[in-house]
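Report on the following structure.
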Ligand code: ACM
Ligand code: ZN
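In our numbering, the protein residues as written are 757 to 1283.
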């Protein structure tokens, strides 16, 4: 009898060990499991060697309490009190970290706060995938492959609350993404309070209805729709992101996608008319007039307020999908072309962007724009976001400009993720499966190693014409964001889609706990 019990007990232990899939996403550069376990329930204090890591220590304390009900006490002389040590390294990449779990303590070490934060994320993921907080002893040595690990969210076509935006930022933090591209203005709504121009929030933030269903049906509801972020709310979100070592790059669209602003301030358009905040999705002919000085004054005033709110080095000025229809027949635009001896309207767009770049450069900031900003000549210091395939990013890198790769395939997460479109919520079109995203390589083959250094990284874009609420944002963004995180963090030679899916099957427990409405197609994938 005793022998049988012993056998059962031993078998159970073996099973527990065989369940030790360590599911850190993105996969670390090096992960060495060792013999033996640490019971994380015995962890009862965090030790920081200096006040330098106080914010990270507070974040960890809070996360351990919220996720695992572990309440930390100060470390005392009690030998049963096992600490987590956050240790400063004298040198090294600030985003690199080492994590050691041994029989008496956990150590996270880095030269920078950001590396400590990433070590904390790995530890939390290990704990979440552990068997009852029995942590396998191990050593992780880790650092990111790319410096721009971005996710975008369109808050114009549909509006998401501050709490929802914070939740989105939490997902970025979970997967060690570090740039949140916040799409704040477009034809269908202006979402940022600008004190100097109150009509942007009184008028431009609201539309009288929205398109319903497929674009081809051309159907609309009549429900007033809108919202905006006050400057206090924006400061709150920027601080929340900063605590998670995420930079927010705000996007203020110009010269196109500007109907909402024109509805509030029609004097900024080429033709003397009235405009409505658009109920329809798409691209519209009415854009900021490039010949009118008032437009530049307006945008400079707007950017003055934007840069006081957002400390990011880059400000996104849009630049995409600007029809030249109005400019071709506008006296002021044509006068500008003549005065500045510009070749055509594409060069007028380039003039527009270059003026805005000069303005922002003088304030110590840089611009990034969609790849149309290459047309008519790239502004001298501009970075390019390559969305119409990879050509724009390649051209930028070849010309010695920084680029972020967001080609529609596979980086547009508003596309379908399953071939079985009938069972999916209506989407804009296209197909970017989890495997498509996972297998993406951001460095185009045509670049040599010097040019490749200009590829900062890549980004997933979540446009929300057909994404009606935050649950649907989660569904479209997750787990594709997790796949992209591994593209951007893990050395290409270590990537394995089957391993990633295995890891995700355990790692998604974290999303379950957060009640995340993520897409579950991967659960049916077999190795
Ligand atoms: C874009 O998708 N228009 C950048
Ligand atoms: Zn004009």
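Think of the CB as a built atom: it goes at the ideal place given N, C-alpha and C, for glycine as much as any other residue. Just so you know, these numbers come straight off a predicted model, no measurement behind them.
Within its chain, find whatever has a CB closer than 7 Å to the CB of residue 1247; leave out the 5 residues flanking it on each side and keep chain order.
Looking up residue 1247 in the chain shown gives position 491. Hits under 7 Å: 785, 901.
Under the three-state DSSP convention, the category residue 1166 falls into:
Stepping through the chain shown from its first residue, residue 1166 is reached at position 410. In the three-state DSSP reduction, residue 1166 falls in the helix class (H, G or I).
Quick check on the burial criterion: 16 or more other C-beta atoms within 10 angstroms. Buried or exposed for residue 1290?
The chain is shown from 757 up to 1283; residue 1290 falls before or after that span and cannot be answered.
Whose CA, out of 811, 820, 780, 959, lies closest to the CA of residue 798?
On the chain shown, residue 798 is found 42 positions in, with the first residue counted as 1. It is 820 whose Cα lies nearest to the Cα of residue 798.
Is it buried or exposed for residue 745, if we count other Cβ within 10 angstroms and need 16 for buried?
One cannot answer for residue 745 here, as it falls past the ends of the chain, which runs 757 to 1283.
Shortest alpha-carbon distance to residue 978 belongs to which of 1036, 846, 840?
The residue given as residue 978 occupies position 222 in the chain shown. For the residues 1036, 846, 840, the minimum Cα distance to residue 978 belongs to 1036.
Would you say the beta carbon of residue 1111 is closer than 8 Å to some non-hydrogen atom of the ligand ZN?
The sequence position of residue 1111 within the chain shown is 355, counting from 1. False, no ligand heavy atom lies under 8 Å from that Cβ.
Report all residues for which the CB-ligand distance to some heavy atom of the ligand ACM is below 6 Å; order them along the chain.
Taken from the N-terminal end onward, the list reads 1076, 1077, 1126, 1143.
Restricting to runs no shorter than 3 residues, where is the beta strand (DSSP E) found entirely within the region 1097-1165?
The region 1097-1165 contains these whole beta strand (DSSP E) runs: 1122-1126, 1139-1142, 1159-1161.
Beta bridge counterpart(s) of residue 1070 as assigned by DSSP
Here residue 1070 refers to the residue found at position 314 of the chain shown. Residue pairing by DSSP puts residue 1070 in a beta bridge opposite 1122.
Got a sec? Which residues, its chain only, sit under 7 Å from residue 899 by beta carbon, not counting five neighbours each side?
As a working mapping, residue 899 is identified with position 143 in the chain shown. Excluding residues within five positions, the ones whose Cβ falls inside 7 Å are 785, 849, 851, 852.
Once the 5 residues before and after residue 1133 are set aside, which same chain residues still bring their CB inside 6 Å of it?
By 1-based counting over the chain shown, the position of residue 1133 is 377. Only 1106 meet the Cβ criterion.
Quick one: is residue 1242 buried, meaning 16 or more other Cβ sit within 10 Å of its Cβ, or exposed?
Here residue 1242 corresponds to residue number 486 of the chain shown, with the count starting at 1. By the neighbour-count rule (16 or more Cβ atoms within 10 Å), residue 1242 is buried.
Any heavy atom of the ligand ZN within a distance shorter than 8 Å of the CB on residue 897?
One-based indexing of the chain shown puts residue 897 at position 141. Taken from the Cβ of residue 897, every heavy atom of the ligand ZN lies 8 Å or farther away.
If we call anything under 9 Å between Cβ atoms a contact, is residue 1221 one with residue 1274?
For this step, residue 1221 is matched to residue 465 along the chain shown. For this step, residue 1274 is matched to residue 518 along the chain shown. The Cβ atoms of residue 1221 and residue 1274 lie no closer than 9 Å to each other.
Taking 8 Å as the cut-off, is the beta-carbon of residue 938 closer than that to any non-hydrogen atom of the ligand ZN?
The residue given as residue 938 occupies position 182 in the chain shown. Answer for residue 938: no, Cβ out of range of the ligand ZN.
Identify the continuous alpha helix (DSSP H) that holds residue 1206 and give its terminal residues.
By one-based count along the chain shown, residue 1206 stands at place 450. Looking at the DSSP string, the run of the alpha helix (DSSP H) that includes residue 1206 is 1205-1208.
For residue 934, which residues from the same chain have a beta carbon less than 7 Å from its beta carbon, with the 5 sequence-adjacent residues on both sides left out?
Here residue 934 corresponds to residue number 178 of the chain shown, with the count starting at 1. The residues are 905, 1001, 1002, 1003.
Sequence ranges, alpha helix (DSSP H) only - wholly within the region 782-829, length at least 4:
810-824, all fully within the region 782-829.
Beta-carbon gap between residue 1008 and residue 984 smaller than 9 Å
Taking the chain shown and counting its residues from 1, the one referred to as residue 1008 is at position 252. Taking the chain shown and counting its residues from 1, the one referred to as residue 984 is at position 228. No, these two residues do not count as a Cβ contact at 9 Å.
Between residue 947 and the ligand ZN, is the CB less than 8 Å from at least one heavy atom?
One-based indexing of the chain shown puts residue 947 at position 191. At a cut-off of 8 Å, the beta-carbon of residue 947 does not count as near the ligand ZN: no heavy atom of the ligand is closer than that.
Neighbourhood of residue 1065 by C-beta distance below 7 Å, restricted to the same chain and skipping five residues each side:
Position 309 of the chain shown holds residue 1065. Setting aside the 5 residues that flank it on each side, residue 1065 is surrounded in the same chain by 987, 990, 991, 994, each with a C-beta closer than 7 Å to its C-beta; the list follows chain order.
So, do the region 957-971 and the region 1255-1271 have three or more beta carbon pairs nearer to each other than 8 Å?
By the criterion of at least three beta-carbon pairs nearer than 8 Å, the region 957-971 is not in contact with the region 1255-1271.
Given residue 982 as reference, the closest of 973, 965, 997 once Cα atoms are compared:
Translated into the one-based positions of the chain shown, residue 982 becomes position 226. Taking only the C-alpha atoms, the option nearest residue 982 is 965.
Identify whether residue 930 lies in helix, strand or coil by the three-state DSSP scheme.
Locating residue 930 in the chain shown gives position 174, where the first residue counts as 1. Residue 930 falls in the helix class under three-state DSSP.
Identity of the residue in 1020, 1051, 980 nearest residue 1011 by Cα
Within the chain shown, numbered from 1, the residue matching residue 1011 stands at position 255. Cα-wise, what sits closest to residue 1011 is 1051.
Every unbroken beta strand (DSSP E) inside the region 1171-1232 [3 residues or more]:
DSSP runs (the beta strand (DSSP E)) wholly in the region 1171-1232: 1211-1216.
Less than 6 Å between C-beta atoms, sequence neighbours within five positions excluded: which residues of the same chain meet that for residue 1053?
Residue numbering aside, residue 1053 sits at position 297 when the chain shown is read from its first letter. No residues qualify anywhere along the chain.
Jot down the residue ranges of each uninterrupted beta strand (DSSP E) in the region 1048-1093, minimum 3 residues, whole runs only, in chain order.
DSSP runs (the beta strand (DSSP E)) wholly in the region 1048-1093: 1070-1074.
Considering only the alpha carbon of each residue, which of 1108, 1097, 1047, 804 lies closest to residue 1075?
Numbered from its first residue, the chain shown carries residue 1075 at position 319. Here the closest residue by C-alpha is 1108.
So the beta strand (DSSP E) residue 844 belongs to, where does it begin and stop?
Within the chain shown, the letter at position 88 stands for residue 844. Counting along the chain, the beta strand (DSSP E) containing residue 844 begins and ends at 838-844.
Within 10 angstroms of the Cβ of residue 1263, are there 16 or more other Cβ atoms? Answer buried if so, exposed if not.
Against the chain shown, residue 1263 aligns to sequence position 507. It is buried - the Cβ of residue 1263 has at least 16 other Cβ atoms within 10 Å.
Under 8 Å, with one C-beta from each stretch per pair, do the region 871-883 and the region 810-827 reach the 3-pair mark?
Cβ pair count under 8 Å is three or more, so yes.
Give the residues whose C-beta lies closer than 7 Å to at least one heavy atom of the ligand ZN, in chain order.
In chain order, the hits are 1026, 1045, 1046, 1047, 1048, 1082, 1083, 1086, 1088, 1089.
Within the continuous alpha helix (DSSP H) that includes residue 948, where are the two ends?
As a position in the chain shown, residue 948 is number 192, starting the count at 1. From DSSP, residue 948 is part of no alpha helix (DSSP H); its letter is neither H nor E.
Is the CB-CB distance between residue 1110 and residue 1136 below 9 Å?
Stepping through the chain shown from its first residue, residue 1110 is reached at position 354. Stepping through the chain shown from its first residue, residue 1136 is reached at position 380. Yes.
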